[in-house]
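A.B. asks: Top to bottom, those sequences are chains A and B.
For the first sequence, our numbering assigns the number 1 to the initial residue and increments by one for each residue that follows.
For the second sequence, our numbering assigns the number 1001 to the initial residue and increments by one for each residue that follows.
By construction, the Cβ of each residue, glycine as well, lies at the ideal position given by its N, Cα and C atoms.
Since the model is a prediction, treat every value here as computed from it, not as a measurement.
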Amino acid sequence: MMIAIETKKLTKKFKDKVAVNEIDLKIKQGELFALLGVNGAGKTTTIKMLSGLILPTSGDIIIENMNMKKNILKIKEILNVSPQETAIAPNLTVKENLEFMAGVYQIKDKDKKINELIKQFKLDEILTKRAKTLSGGWQRKVSIAISLINDPKILFLDEPTLGLDVIARKELWKVIEGLKGKITIILTTHYMEEAESLSDRIGVMANGGLVDIGTSKELIKKTKTKNFEDAFVSIATGGER
Amino acid sequence: MRMINFAKRNFKELIRDPLSLVFEIVLPLFLLFIFQQFDIPADNYKLENFTPSIILFGFSFITLFTATLVAKDRTSSFLIRLGTSPMKPSDYILGYILSLLPIVLIQNVLFFLVAVIMGLEFSVSIILTILVSMVISIFFISLGILIGSLVSEKGTGGLGSIVVQLVCFTSGMYFPKDSIGGVFEIICEILPFEACLNIIQGTLHNDFSNLTPADIVVFLIYFIAIILLSIIVFKKRMISDNK
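Quick look at the structure:
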């Protein structure tokens, strides 16, 4: 199996504080990898480094066989991010948002790609509505649809269902499940059942380090707990609880 | 091109905000009209002098709304998304500047149209003045990018209002600096707004006798410094915002 993302001793320091500490990680092509951790564990900083938004203090990131230090613009062409908050232009309609992002990635056959996304995400009914008038669920759906505009090989989903009601969340899960296997997805979430049900493997971060990694079943077995939530708490607290 | 694509998006965001159009176009037009209804015995209020003042007044709101747009983009996740795209810093800065230039052109054309209707003599100088004003507007747009990069969306209202006030009181728009004198006169000479007004008025009158070498130097220093600063600070903030 080909490796989509590899990090070697990936570290980020902010002045004296170590936000991410020497992470070694390998994510396979087509894998859905969930990155879990309590607030301040270093998940978002890791995602920001992997997506080229901030530079590591030390260590290496290799994406699709390209080193981030030397090929950042090439790497940015093949990845996309759906940030924690909904990242869409508020005064633009849904169609205009899709067209704008198609322009950002210089998509050649942009009409074809936009129509494909409209169909895939069932966006017809909201196409002419301004983004700021949409409900939270729709905004998040549009935000994820936009992140697929460049057919990314790697997609970062940073807490995609945060703040959504249970119906909107389940609907987004279906969308994410539909993407599984086709692209490599790195998902961060605070919802244990989301990580358990969607991901192939789960990495748990604590105090800037990657403390454990495995499938949900493997992590439950390893920690000798009854369910995944207990397994996570045990790993994240170093077995103290 | 990515910068044109970004400029198109910014233009749509700006013109779909009715408040920005009211302050950038309707309010200056109203002032231009209303001050001509009174027979104020001062040269500042003559149509050929007050129209350039109104152009400058409109630019101060360009600063305010550019700052708001940049701050809003920065504080939402919108720029995070774009930060992970292949867009370069020059695409952002030029994208913001280019999006404002059509609004500046619309402002200028409307201000002169109303001025001509009210009695300003039409001449080639008007077209030249519009072109010169568009160059000066780049300073005001850059100032907006700088403010929007430094403070939050809420903060842009306060700092933007200071720019509006400074334009009103230190450019010589409402009264000449020597009518107060002293420290105030020095402040007017140090700040770039009087120099901007002298350049616009000089171009319209085709008479640069009021324009001193100091005006040109002050304007050029601010023009270059603010553009450079806006680029440096915007780039730095895009990185530090994401820490």
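Residue 83(A) versus chain B: which residues are under 7 Å apart at the beta carbon?
C.D. replies: Translated into the one-based positions of the first sequence, residue 83(A) becomes position 83. In chain order: 1077, 1080, 1081.
A.B. asks: Any beta carbon from chain B within less than 9 Å of residue 160(A)'s own beta carbon?
C.D. replies: Residue numbering aside, residue 160(A) sits at position 160 when the first sequence is read from its first letter. Judged by the 9 Å Cβ criterion, residue 160(A) is not in contact with chain B.
A.B. asks: With 9 Å set as the bound, which would you pick, yes or no: does the beta-carbon of residue 223(A) sit closer than that to a beta-carbon of chain B?
C.D. replies: Residue numbering aside, residue 223(A) sits at position 223 when the first sequence is read from its first letter. So no, residue 223(A) is outside the interface.
A.B. asks: Could you work out which residues of chain B lie near residue 89(A), taking near to mean beta carbons separated by less than 7 Å?
C.D. replies: The sequence position of residue 89(A) within the first sequence is 89, counting from 1. Within 7 Å Cβ-Cβ: 1009, 1013, 1078.
A.B. asks: What first and last residue would you give for the beta strand (DSSP E) that runs through residue 1108(B)?
C.D. replies: Residue numbering aside, residue 1108(B) sits at position 108 when the second sequence is read from its first letter. Where residue 1108(B) is concerned, there is no enclosing beta strand (DSSP E), although the alpha helix (DSSP H) it sits in stretches over 1089–1117.
A.B. asks: Given a cut-off of 9 Å on the beta-carbon distance, is the pair residue 1197(B) and residue 1028(B) in contact?
C.D. replies: Counting from 1 along the second sequence, the entry for residue 1197(B) is found at position 197. Counting from 1 along the second sequence, the entry for residue 1028(B) is found at position 28. Not in contact: residue 1197(B) and residue 1028(B) (Cβ atoms no closer than 9 Å).
A.B. asks: Within 10 angstroms of its Cβ, does residue 1036(B) collect 16 or more other Cβ (buried), or is it exposed?
C.D. replies: Residue numbering aside, residue 1036(B) sits at position 36 when the second sequence is read from its first letter. Classification of residue 1036(B): buried, given that the 10 Å Cβ count is 16 or more.
A.B. asks: Put residue 38(A) into one of helix, strand or coil per three-state DSSP.
C.D. replies: Indexing the first sequence from 1 puts residue 38(A) at position 38. Residue 38(A): coil per DSSP, three-state reduction.
A.B. asks: Quick check on residue 140(A) - is its C-beta less than 9 Å from some C-beta in chain B?
C.D. replies: Within the first sequence, numbered from 1, the residue matching residue 140(A) stands at position 140. By this cut-off, residue 140(A) is not an interface position.
A.B. asks: Looking at chain B, is there any beta carbon in it that lies within less than 9 Å of the beta carbon of residue 64(A)?
C.D. replies: By 1-based counting over the first sequence, the position of residue 64(A) is 64. Cβ-Cβ to chain B under 9 Å: no for residue 64(A).
A.B. asks: Name the two residues that bound the continuous beta strand (DSSP E) containing residue 203(A).
C.D. replies: For the purposes of this step, residue 203(A) is taken as residue 203 along the first sequence, with counting starting at 1. Element bounds for residue 203(A): 201–206.
A.B. asks: With C-beta atoms as the reference, is residue 20(A) less than 9 Å away from residue 35(A)?
C.D. replies: Working through the first sequence from its first residue, we reach residue 20(A) at position 20. Working through the first sequence from its first residue, we reach residue 35(A) at position 35. In this structure, residue 35(A) does not lie closer than 9 Å to residue 20(A) by Cβ.
A.B. asks: Would you call residue 1034(B) buried or exposed, if buried means 16 or more other Cβ atoms sit within 10 Å of its Cβ?
C.D. replies: Walking along the second sequence from the start, residue 1034(B) turns up at place 34. Classification for residue 1034(B): exposed.
A.B. asks: Let me check one thing: in DSSP terms, what residues is residue 214(A) bridge-paired to?
C.D. replies: Within the first sequence, numbered from 1, the residue matching residue 214(A) stands at position 214. Partner(s): 202(A).
A.B. asks: Rounding to the nearest angstrom, what Cα-Cα distance links residue 91(A) and residue 213(A) in this structure?
C.D. replies: Taking the first sequence and counting its residues from 1, one reaches residue 91(A) at position 91. Taking the first sequence and counting its residues from 1, one reaches residue 213(A) at position 213. So the two alpha carbons sit approximately 42 Å from each other.
A.B. asks: Excluding the five sequence neighbours on either side, which residues of its own chain have a C-beta within less than 8 Å of the C-beta of residue 1015(B), listed in chain order?
C.D. replies: If you number the second sequence from 1, residue 1015(B) lands on position 15. Cβ within range, chain order: 1021, 1103.
A.B. asks: With DSSP run on the structure shown, which of helix, strand or coil describes residue 11(A)?
C.D. replies: Stepping through the first sequence from its first residue, residue 11(A) is reached at position 11. Three-state result, residue 11(A): strand.
A.B. asks: Under 6 Å Cβ to Cβ from residue 63(A), same chain only, skipping five residues before and after it: list those, please.
C.D. replies: Your numbering for residue 63(A) matches position 63 in the first sequence. Closer than 6 Å at Cβ, skipping near neighbours: 5, 75.
A.B. asks: So with Cβ pairs under 9 Å, would you call residue 1179(B) a contact of chain A?
C.D. replies: Within the second sequence, residue 1179(B) is the residue found at index 179, counting from 1. Residue 1179(B) does not count as touching chain A.
A.B. asks: Please state the DSSP three-state secondary structure of residue 6(A).
C.D. replies: The residue labelled residue 6(A) in the question sits at position 6 within the first sequence. Here residue 6(A) sits in strand by DSSP.
A.B. asks: In three-state DSSP terms, what is residue 81(A)?
C.D. replies: Your numbering for residue 81(A) matches position 81 in the first sequence. Strand, per DSSP.
A.B. asks: Counting pairs of Cβ atoms below 8 Å between the region 171–182 of chain A and the region 152–162 of chain A, do you hit three or more?
C.D. replies: Because the criterion of three Cβ pairs below 8 Å is met, the region 171–182 of chain A and the region 152–162 of chain A touch.
A.B. asks: Would you kindly work out how many angstroms separate the C-alpha atoms of residue 1234(B) and residue 1141(B), rounded to a whole number?
C.D. replies: Taking the second sequence and counting its residues from 1, one reaches residue 1234(B) at position 234. Taking the second sequence and counting its residues from 1, one reaches residue 1141(B) at position 141. Taking the straight line joining both Cα atoms gives about 13 Å.
A.B. asks: Which whole runs of the alpha helix (DSSP H) in the region 1010–1087 of chain B are 4 residues long or more, in chain order?
C.D. replies: Those alpha helix (DSSP H) runs which fall completely within the region 1010–1087 of chain B and span 4+ residues are 1018–1021, 1027–1035, 1047–1075, 1078–1083.
A.B. asks: Identify the continuous beta strand (DSSP E) that holds residue 58(A) and give its terminal residues.
C.D. replies: Counting from one through the first sequence, the residue named residue 58(A) turns up at place 58. First-last of the beta strand (DSSP E) with residue 58(A): 58–63.
A.B. asks: How about residue 78(A) and residue 98(A): do their beta carbons lie closer than 9 Å?
C.D. replies: Counted from its first residue, the first sequence places residue 78(A) at position 78. Counted from its first residue, the first sequence places residue 98(A) at position 98. Cβ atoms of residue 78(A) and residue 98(A): not closer than 9 Å.
A.B. asks: Tell me which residues share the same chain as residue 106(A) and place their Cβ nearer than 6 Å to its Cβ, disregarding the 5 neighbours each side in the sequence.
C.D. replies: Taking the first residue of the first sequence as 1, we reach residue 106(A) at position 106. Once the five neighbours on either side are set aside, residue 106(A) has no close Cβ partner at all.
A.B. asks: My parser needs the alpha helix (DSSP H) runs of 4 or more residues fully inside the region 107–153 of chain A; what are they?
C.D. replies: DSSP runs (the alpha helix (DSSP H)) wholly in the region 107–153 of chain A: 110–120, 136–146.
A.B. asks: Less than 9 Å between the C-beta atoms of residue 80(A) and residue 1085(B), yes or no?
C.D. replies: Position 80 of the first sequence, counting from 1, holds the residue named residue 80(A). Position 85 of the second sequence, counting from 1, holds the residue named residue 1085(B). Yes, they are a contact pair.
A.B. asks: Residues of chain B with CB under 8 Å from residue 76(A), in chain order?
C.D. replies: On the first sequence, position 76 is the one that residue 76(A) refers to. What residue 76(A) touches in chain B: 1084, 1085, 1086.
A.B. asks: Is the region 121–139 of chain A close to the region 1098–1118 of chain B, with three or more CB pairs under 8 Å?
C.D. replies: Contact fails: fewer than three Cβ-Cβ distances are below 8 Å.
A.B. asks: With a threshold of 9 Å between beta-carbons, can residue 1006(B) be considered close to chain A, or not?
C.D. replies: As a working note, residue 1006(B) is residue 6 in the second sequence. Yes, because at least one Cβ of chain A sits closer than 9 Å to the Cβ of residue 1006(B).
A.B. asks: According to DSSP, which residues form a beta bridge with residue 180(A)?
C.D. replies: As a position in the first sequence, residue 180(A) is number 180, starting the count at 1. Looking at the DSSP assignment, residue 180(A) forms a beta bridge with 183(A).
A.B. asks: Under three-state DSSP, which class holds residue 1202(B)?
C.D. replies: Sequence index remark: in the second sequence, residue 1202(B) carries index 202 (1-based). Correct three-state label for residue 1202(B): helix.
A.B. asks: What residues in the region 30–56 of chain A bring their beta carbon closer than 9 Å to a beta carbon of chain B?
C.D. replies: Going along the region 30–56 of chain A in chain order, one finds 45, 48, 51, 52, 53, 54, 55 with a Cβ nearer than 9 Å to chain B.
A.B. asks: Thinking residue 1192(B) and residue 1218(B) are a contact (beta carbons under 8 Å), I'd like their distance in whole angstroms, please.
C.D. replies: Here residue 1192(B) corresponds to residue number 192 of the second sequence, with the count starting at 1. Here residue 1218(B) corresponds to residue number 218 of the second sequence, with the count starting at 1. That pair is a contact at about 6 Å.
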